[in-house]
Amino acid sequence: MTDTDDENRPHIPAPPDPGQRREPLPEGQPKTFEEDPAAPARVQALLHAPSYRRADKDVEFLERDEAHGLRLHLDYLKPELLLKEQGIRHTVVVFGSTRIAEPVTARHRVAQLELQLQARPHDRDLQRKLNIARRILENSRYYNDAQTLGRLVAESGEGSLDNRLVVMTGGGPGIMEAANRGAYNAGAMTIGLNIDIPLEQYPNPYISPELCFRFRYFALRKMHFLQRARALVAFPGGFGTMDELFETLTLIQTRTIKPVPIILIGRQYWERAVNFEFLLDEGVIDSEDRDIFWFAETAEEAWQGILDWYQQCGEPLIPDGVAEEDTA
């Protein structure tokens, strides 16, 4: 290459700095006091005006009725992305009463009420509370069973570090706490789907921080309960447990979702709480609907039933590949 060639080559400027300019743009400089004494105050007022907030940073805007669809989408999207980031493919969903405490707590409550009743032996309301506390103490065995089930799920697959199958609960106390706790103690990740309600609530302390979610809408929470579910285990519970159980039964009954094993822990409780045979005899359900679920008495029995169910299906409990996008 000759000197003439060098002289004829076009000048190529240095690439611009990706973040800074040598000379500021006019819009980067607010109007000064010298130009208009009132201008700086007006600019500050504009910067703090609600209309100037960027839409995705404007909480008041997102709370408007017209943004309902956006909120629904966000309620679904955030957990979905974070579950995928943690490699969560499948879940065993555990429901049950928030009021069934661990045995040591239940015994303490009974002892407290017994002392109070000694001072007020004719207090009928106190006697009823004591009777209920004794029932909760008797049912506290289910706390231990839920904890065992959480451990069994955590130890499935390739062990506690295998995130393909994890425990998912509603994130609250009682049975949900126990299931999360069993998985937590086994060193596995575990999911809690908490929900906003008018009364303050707290997530139980055994949920993995990366997988502790808070929903605004029950409907989106229900969707996430079932989207990755490989089994649903329902311990004795009240309205919330019944709600989730019967919605899942209905979705399977109508084949809106692919059937999964549903196990009710504690035959005596469930047969008193819901007379399934009466529904069958009255013709409001069919015998095949009654066969959607079965009873078990222990965590080990429930877990073995889940394994046997999938063996009958001819497929593994933890399939390879990505999670199925089969939602309600």
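Per numbering that gives the first Met the number 0, the sequence shown starts with residue 0, numbered consecutively.
Yeah, the Cβ is synthetic: ideal placement off N, Cα and C, and Gly gets one too.
Please read these numbers as outputs of a predicted model, since none were measured by experiment.
Whole-Å CB distance - residue i paired with residue j, under 8 Å assumed
| i | j | result |
| --- | --- | --- |
| L244 | F94 | 7 Å |
| V166 | N179 | 6 Å |
| G171 | N138 | Not really, about 16 Å apart at Cβ, beyond 8 Å. |
| L279 | I256 | So it is not a contact: roughly 22 Å between Cβ atoms. |
| I317 | H89 | 6 Å |
| I194 | R220 | 6 Å |
| L151 | A295 | The Cβ separation is near 12 Å, so there is no contact. |
| A145 | A187 | With 8 Å as the limit, A145 and A187 do not qualify as a contact, their Cβ atoms being about 15 Å apart. |
| L61 | R52 | Going by Cβ atoms, the distance from L61 to R52 rounds to 10 Å, so no, they are not a contact pair. |
Cα-Cα separation between residue i and residue j, rounded to whole angstroms
| i | j | result |
| --- | --- | --- |
| R133 | N143 | 17 Å |
| T253 | S155 | 30 Å |
| I131 | T168 | 25 Å |
| K128 | Q111 | 11 Å |
| W293 | I174 | 19 Å |
| A228 | L306 | 14 Å |
| E324 | V259 | Annotation note: pLDDT 47 at E324 (below 50); position unreliable, coordinate value reported separately. Roughly 14 Å separates the two Cα atoms. |
| D64 | Y216 | 14 Å |
| H121 | I262 | 42 Å |
| R271 | K77 | 39 Å |
| L45 | K56 | 16 Å |
| E281 | D288 | 13 Å |
| A233 | D290 | 15 Å |
| L82 | L136 | 35 Å |
| A322 | D161 | Because the pLDDT of A322 is 46, which lies under 50, any placement of that residue in the model is unreliable, and the question is left without a value. |
| L80 | G86 | 10 Å |
| G158 | A182 | 11 Å |
| Q115 | R123 | 12 Å |
| T326 | S286 | Because the pLDDT of T326 is 43, which lies under 50, any placement of that residue in the model is unreliable, and the question is left without a value. |
| H47 | L73 | 26 Å |
| A185 | F277 | 41 Å |
| Y102 | S96 | First, the residue type needs correcting, since residue 102 is Pro and not Tyr in the sequence shown. Spanning the two alpha carbons is a distance of roughly 14 Å. |
| P36 | P29 | 12 Å |
| V91 | A66 | 33 Å |
| V58 | G68 | 15 Å |
| E113 | A100 | 18 Å |
Reduced DSSP secondary structure (H/G/I, E/B, other) of residue i
| i | result |
| --- | --- |
| A48 | coil |
| T326 | Confidence at T326 is low in this model, with a pLDDT of 43, below 50, so its placement is unreliable and the value that follows should be read with caution. Looking at T326 - three-state DSSP - the assignment turns out to be coil, as it is neither helix nor strand. |
| T253 | coil |
| A298 | helix |
| L244 | helix |
| A153 | helix |
| P318 | coil |
| H10 | coil |
| Q311 | helix |
| V103 | helix |
| L148 | helix |
| H121 | coil |
| P204 | coil |
| G18 | coil |
| I135 | helix |
| N184 | helix |
| D57 | coil |
| K221 | helix |
| V273 | coil |
| E347 | This structure cannot speak to residue 347, because the chain is shown only from 0 to 327. |
For residue i: DSSP bridge partner residues
| i | result |
| --- | --- |
| T90 | V165, A228 |
| C211 | G191 |
| W293 | I262 |
| A233 | F94, L263 |
Cutoff 7 Å: residue i Cβ touching any chain D Cβ
| i | result |
| --- | --- |
| L73 | Of the protein chains in the structure, only one exists, and it is not chain D. |
Cβ contact (3+ pairs, closer than 8 Å) linking the stretch 199–208 and the stretch 229–238:
no
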